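Number of protein chains: 2
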Amino acid sequence: MGKKKDAQMDLLSADSATSSSSRAARSSKVNAQSMAARQREISVSEFFSRNRHLLGFDNPRRSLLTGIKEAVDNSLDACEEAGILPDIEVQLTQVADDRYIMRVCDNGPGIVKSQIPNIFGKLLYGSKFHRLRMSRGQQGIGISAASMYGQLTTGKATRVISRTGAKRPAHCYEMQIDTARNKPQIVREEPCEWDQKQGTQVEIEMEARYQRGRQSVDEYLRQTALANPHLQLLYTAPDGREELYERSSEEMPQEAQEIKPHPHGIELGVLMKMLQGTPHRTLQGFLTQEFSRVSVRVAKDICTRADLKPNGRPKSIAREESDRLFKAINATKLMRPPTDCIVPIGEDLLTASLQANVQAAFYASTTRPPAVYRGNPFQIEVAVAYGGDINPEGSVQLMRFANRVPLLYQPSACAITRSLIDTDWRNYRISQSNNALPTGPLVVIVHVASVWVPFTSESKDAVAHYDEIIKEIRLGVQECGRKVGEHIGKMRREAEAARKKDYIAQYIGHIAAALQEITGDGDRKTQNVEKNLQGLLERSRS
Amino acid sequence: MGKKKDAQMDLLSADSATSSSSRAARSSKVNAQSMAARQREISVSEFFSRNRHLLGFDNPRRSLLTGIKEAVDNSLDACEEAGILPDIEVQLTQVADDRYIMRVCDNGPGIVKSQIPNIFGKLLYGSKFHRLRMSRGQQGIGISAASMYGQLTTGKATRVISRTGAKRPAHCYEMQIDTARNKPQIVREEPCEWDQKQGTQVEIEMEARYQRGRQSVDEYLRQTALANPHLQLLYTAPDGREELYERSSEEMPQEAQEIKPHPHGIELGVLMKMLQGTPHRTLQGFLTQEFSRVSVRVAKDICTRADLKPNGRPKSIAREESDRLFKAINATKLMRPPTDCIVPIGEDLLTASLQANVQAAFYASTTRPPAVYRGNPFQIEVAVAYGGDINPEGSVQLMRFANRVPLLYQPSACAITRSLIDTDWRNYRISQSNNALPTGPLVVIVHVASVWVPFTSESKDAVAHYDEIIKEIRLGVQECGRKVGEHIGKMRREAEAARKKDYIAQYIGHIAAALQEITGDGDRKTQNVEKNLQGLLERSRS
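So the sequence lines, in the order shown, correspond to chains H and D.
With our numbering, the residue at position 521 of the first sequence is 521, and numbering never jumps.
With our numbering, the residue at position 514 of the second sequence is 1056, and numbering never jumps.
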């Protein structure tokens, strides 16, 4: 198959180039000059406006969910960073057949006036991208993309109110995005009255469709409350129905620490850029200060291995040398990255949250020790609920979370789903077809927490298939699976014992009657015999 | 399931906000001010550098393919736009265990000096994004992302030589990307000697892995030659092996026409932006000039329906009015978009190309009439090869193309694969399990051509699931499937006839001998009888 010959001539000889360029005549004089005139910069807003499906705004129903999700995630991040127990209000109002206003209001630290336009009206703007720190948002795209989607489908401006404290005035902004320049366009801006002392509220009108069920706003909020026991959430659906998720823990999650990059997760190009940009004057200072897990001794080791002087200037390290430095770093054994930057939900809170949400007969949870992929620390948590009111028909209900955010789309692309499918659930007395999720009355929660969750797309729906992550999920799932298996085993043994007891109990009357016939005892004695036999049965079974 | 109560209190009352903000103390004084200080713009290069898996640079093997693909696609686009029959040279050179230099050289129109740095050293820069025109590239990301990947993994600069004509000097550039500012950084720049009269050559050194087989550079080039019969391609593999794909057609594909957007594919926000930015002074002029398929009569119809004056100024159309205009446009019946902007490969060329590449017993191809999704014209082509040397074991070999570019990754996410699975191949005498691709000695080519191919991700591996597209693919596949089915039916009937003939032929000798016994004829006459009977059999069968 394939037409392949040895090349016998220079394909790109002058002759061939000339003969073919003479054909250019037909093409209305298109040449390098006329093509150059058409070259233009494309703004990132134009790019994502045309490719908005990449950000999760591909149909009206999903767009509504994505908009709410971006706003709520931001509110939670802001509250946690400021150490405030979050009180969030979400409201959906239908204004036309295919149009809704989403409103999300929090009691967070608020946003200083000058930052409001950029945060809601400029793509790729934020505080989280340049820090290695566990948070829900990462890219600085989400909420401004929601603004942009609203503007694109309804022409309406996004409305933001924010207040940074009781003594400061609230500010109200109405803004759009100038997509050609990726800049906020302020429509209206004024101080305003607001009954809240502190916080931020965003309102976006958008083309949308509201529908309950799987992958709905309702489901997202329910799962968000589940993974954030410290959150108080009031949700008003389009039909006016109110749902209050009360906080089940008054404790703030431990504060997530920012970490420096681990040397083993750095690429050569990034290392070179860091060498160029560092304020440190010596290579040793650079290595110990800009990375985690590099002590003075380790830095000296690395320098020796790279044949470089520890007091050499980072900026003057030429290309060849940075290559040697890169190899030396990767050949040096280092401690794994610090893991206090990861804040798990915790086994107890996870179980409590699950108990509050799912009526089951058995619960179990496990928080794995932190691990590392490509230099990034991460940690896996798994919780299960079994039996009780859970629907025993069909596949297990799998709830996926990344940094406490529910993932509702693209389950089949996700490493979490893959890990569950690859686990042999029949070991735990739960039925499972080949290459499928197990079936039965089971709810499984898997939480991936990391300073940098590797998603398969910007819409952040699925965790990428890193071996280290899959392995940790599997270990967590197995641990919970074993506990469920033991529970099911115990239940079955008890049921079997009860069945046997009932069976023997049927004969006790007959045995007593037979004894009476033989011994000729009176009825009272026979009753005593019967009682004794029953007592004997109870004792032998317990 | 779920803890839901009616809300009885205002969650966001002043009290609750105060009590929770008092907790802020623990959080090292994080507040709106300190958070504002951390807000920063994120450059699009930084974003894609950290998320390079989104662009197809997720592992060393795929990165090599993606780099080659971006360069070759650009070369083909440039040659076609300038009306030059493309001669392209691709060379891979291994320079270390995990490092290769990719070199792609074309005889295209060249690039004017001032544009070279931006085209290869700036993301989101190009000539194709703002035009509605069928081309391989769309976004202005691909080749600069390949440069960036090379720089990230090896620290090396991208080397470009380009010349716009025999009378002009060639220019050589070495450049890197300043990722923090998304700007080209020129390392070296000088006029240079070049043995080509016209064209562009790009060299990128990158961390890569070379491996033949499915999803390889070799496979991509083979399929590219197949879908571009006017392309002459010389490929030098890392081991020095040369493969020459000779052009099988001297004819340039028809030139793709740029079209104006169709009014039914426009969103309200975009319409408003167009109204603001138009140079036309009247609404009627705006509608007829900036859209396709809007005649003066239709424009007047739309205005009447929207209760707007045809000679009103587009810029002064206020928000309420643009909403009315939008509704009026969508309520007006319009001709479908023009479809001369789509250039199919063509049934004959497709079959010829397939014949040159696959040794089969039967070939068929079909080019569907153009159709429209969301205002964008598109056209589907399908070709099949059956039997012969094609491996009869396992699934069919499916080759997917979008605007003549082979799609090698993410087959299961692609509308093309879905359409093939959803076709009932048993109707065409080809075996198929439920929810799977058919099996047998079959090669299927599907080509989606459009002014805007809707991909599921920036790495452009899979076509999104638009109903209109899936339907057209299915119709094309069915048409070819029927032809294959007829061929298989004919083959089976012929085989059956041959089998019967052999069977009857066995008895002819016995019949002749029996006749001889009855009639007492001589041997010669019996031989004649035998010959006559055989002749009779031949005639009755043909």
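C-beta atoms are modelled at their ideal positions from N, C-alpha and C, and glycine is treated no differently.
All figures in this text were calculated on a predicted structure; none of them were measured in a lab.
Hey, is Leu349/H's beta-carbon within less than 9 angstroms of any beta-carbon in chain D?
Chain D, which has no Cβ nearer than 9 angstroms to the Cβ of Leu349/H, makes this no.
Out of Arg866/D, Gln765/D, Arg1035/D, Thr721/D, state which residue places its alpha-carbon closest to the alpha-carbon of Met272/H.
Answer by Cα proximity: Thr721/D.
Which stretch, first to last residue, makes up the alpha helix (DSSP H) that contains Met1033/D?
Its alpha helix (DSSP H) spans residues 1009-1061.
Can you check which of these residues, Ile958/D, Ile1050/D, Gln633/D, is closest to Asp781/D by C-alpha distance?
Nearest C-alpha to Asp781/D: Gln633/D.
How many angstroms separate the CA atom of Lys1073/D from the CA atom of Glu1080/D?
Their Cα atoms are separated by approximately 11 angstroms.
Chain H partners of Leu810/D, CB-CB under 7 angstroms?
The contacting residues are Thr153, Thr154, Gly155.
Using a Cβ-Cβ cut-off of 9 angstroms, state whether Gly522/H counts as contacting chain D.
No - not a single Cβ of chain D is within 9 angstroms of the one on Gly522/H.
Let me know if Glu207/H comes out buried or exposed under the rule of 16 or more other beta-carbons within 10 Å of its beta-carbon.
It is buried - the Cβ of Glu207/H has at least 16 other Cβ atoms within 10 Å.
Please list the residues of the segment 52-82 of chain H that have a C-beta atom closer than 9 angstroms to any C-beta atom in chain D, keeping them in chain order.
Here the close residues are His53, Leu54, Asp58, Ala78, Cys79, Glu80, Glu81, Ala82.
Pro948/D and Gln680/D: beta carbons closer than 9 angstroms?
No, the Cβ-Cβ distance between Pro948/D and Gln680/D is not below 9 angstroms.
Less than 9 angstroms between CB atoms is the rule here; does Tyr125/H satisfy it with respect to chain D?
Yes, its Cβ sits closer than 9 angstroms to a Cβ of chain D.
Compare the Cα-Cα distances from Val995/D to each of Arg960/D, Ala1047/D, Cys956/D and report the closest residue.
Of the listed residues, the one whose Cα sits closest to Val995/D is Cys956/D.
The segment 447-475 of chain H: which residues have C-beta closer than 9 angstroms to a C-beta of chain A, in chain order?
Within the model displayed, chain A is absent; protein chains H and D are what it includes.
Roughly how many whole angstroms lie between the Cα atoms of Gly165/H and Glu203/H?
One C-alpha to the other measures close to 21 angstroms.
With a threshold of 9 angstroms between beta carbons, is His1052/D in contact with chain H?
No - not a single Cβ of chain H is within 9 angstroms of the one on His1052/D.
Which residues in the same chain as Leu533/H place their Cβ atom closer than 8 angstroms to its Cβ, once the five residues preceding and following it in sequence are excluded?
Within the same chain, Leu533/H has close Cβ partners Ile508, Ile511, Ala512.
Quick check: the Cα distance between Asp557/D and Asp461/H, rounded to an integer number of angstroms?
Residue confidence for Asp557/D is low, a pLDDT of 40 falling below 50, so the modelled location carries little weight; the figure read from the coordinates is stated next. Using only the alpha carbons, I get a separation of about 37 angstroms.
Contact criterion: CB-CB distance below 9 angstroms. Does Ser43/H meet it with respect to chain D?
Yes - at least one Cβ of chain D is within 9 angstroms of the one on Ser43/H.
For Ser569/D, which residues from the same chain have a beta carbon less than 8 angstroms from its beta carbon, with the 5 sequence-adjacent residues on both sides left out?
Below a pLDDT of 50, predicted positions are generally treated as unreliable, and Ser569/D, at 45, falls in that range; no measurement from the model is reported.
Starting from Ile104/H, follow the beta strand (DSSP E) in both directions and report where the run begins and ends.
Before going on, a small fix: residue 104/H reads as Val here, not Ile. Element bounds for Val104/H: 99-106.
Does DSSP put Met148/H in a helix, a strand or coil?
Correct three-state label for Met148/H: helix.
Whole angstroms is fine: what's the gap from Ile416/H's alpha carbon to Val463/H's?
The straight-line gap from Cα to Cα measures roughly 7 angstroms.
For Met543/H versus Val160/H, is the C-beta distance shorter than 9 angstroms?
Nothing can be reported for residue 543/H: it is not among the residues displayed for chain H, which extend from 1 to 542.
Which bits of chain D does Asp97/H rub up against, with CB to CB less than 9 angstroms?
Here the premise fails: no neighbours, minimum Cβ distance about 12 angstroms.
Just tell me which of Ala364/H, Ile88/H, Gly110/H has its CA closest to the CA of Lys483/H.
The residue with the shortest Cα to Cα distance from Lys483/H is Ala364/H.
Excluding the 5 residues preceding and the 5 following Asn724/D in the sequence, name in chain order all residues of the same chain whose CB lies nearer than 7 angstroms to its CB.
Ser585, Val586, Ser587, Lys664, Leu665.
Which of the three DSSP states, helix, strand or coil, is assigned to Ala25/H?
Per-residue confidence for Ala25/H stands at a pLDDT of 41, beneath the threshold of 50, marking its modelled position as unreliable; the derived number appears in the next sentence. Reduced to three states, the DSSP call for Ala25/H is helix.
Counting only the same chain and skipping the five closest in sequence on each side, list residues whose C-beta sits under 6 angstroms from that of Gln215/H.
Here the set comprises Leu408.
Out of Ile329/H, Val444/H, Glu494/H, Thr339/H, which one is the CA nearest neighbour of Ala227/H?
It is Val444/H whose Cα lies nearest to the Cα of Ala227/H.
What does the Cβ neighbour count give for Arg560/H, buried or exposed, with the cut at 16 atoms within 10 Å?
One cannot answer for residue 560/H here, as it falls past the ends of chain H, which runs 1 to 542.
Since Met134/H and Ala328/H are thought to touch, with beta carbons under 8 angstroms apart, how far apart are those beta carbons, to the nearest angstrom?
That belief does not hold up - the Cβ atoms of Met134/H and Ala328/H are roughly 30 angstroms apart, past 8 angstroms.
CB-CB under 6 angstroms to Gln939/D, same chain, minus the five flanking residues each way: which ones, in chain order?
Cβ within range, chain order: Val985.
Taking beta-carbon pairs under 9 angstroms, can you tell me which members of the segment 303-331 of chain H lie near chain D?
Residues Arg319, Ser322, Asp323, Phe326.
Hey, out of Ala767/D, Tyr915/D, Ile661/D, whose CA is closest to Gln727/D's CA?
The shortest Cα separation from Gln727/D among Ala767/D, Tyr915/D, Ile661/D belongs to Ile661/D.
Assign Gly375/H to buried or exposed, taking buried as 16 or more other Cβ atoms, counted over all protein chains shown, within 10 Å of its Cβ.
Result: buried.
Ends of the alpha helix (DSSP H) at Gly741/D?
Here Gly741/D belongs to no alpha helix (DSSP H); instead the beta strand (DSSP E) covers 741-749.
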